[in-house]
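Residue numbers (our numbering): 332 to 435.
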């Protein structure tokens, strides 16, 4: 559901079988790599963990345009996603790669 961007399916999966999805720290990275801010917000509100791998995974395995990934990662960092100096450098390189004004 995550890799295909099916938010409604993900929501359904979390509502069945006790509502305990098999989250891992890469899940938020997978979502961010697709630039899916709505799904990222929902996943976090549903308890999906994130870690320093979130930023790296989203940047190194991009599945969406850079501006959408930047938007998702900016939201993640603004909302407490852990980030070490290596991931911060990757994020800054993404910021430089996105032309000014294209970031929403």
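Quick reminder that beta carbons are idealized off the backbone N, C-alpha and C, glycines included. Since this is a predicted model, take the numbers as computed values, not measurements.
Whole-angstrom distance between residue j and residue i, CA atom to CA atom
| i | j | result |
| --- | --- | --- |
| residue 336 | residue 413 | 23 Å |
| residue 370 | residue 398 | 16 Å |
| residue 339 | residue 417 | 34 Å |
| residue 364 | residue 387 | 9 Å |
| residue 354 | residue 404 | 18 Å |
| residue 347 | residue 341 | 10 Å |
Reduced DSSP category for residue i - H, G, I as helix; E, B as strand; rest coil
| i | result |
| --- | --- |
| residue 379 | coil |
| residue 367 | coil |
| residue 355 | coil |
| residue 394 | coil |
| residue 337 | coil |
| residue 412 | coil |
Status (buried if at least 16 other CB within 10 Å, exposed otherwise) for residue i
| i | result |
| --- | --- |
| residue 367 | buried |
| residue 420 | exposed |
| residue 409 | exposed |
| residue 333 | buried |
| residue 390 | buried |
Closer than 7 Å: residue i CB and nearest the ligand GDP heavy atom
| i | result |
| --- | --- |
| residue 426 | Of the ligands one can find in the structure shown there are none, so the ligand GDP has no counterpart to examine. |
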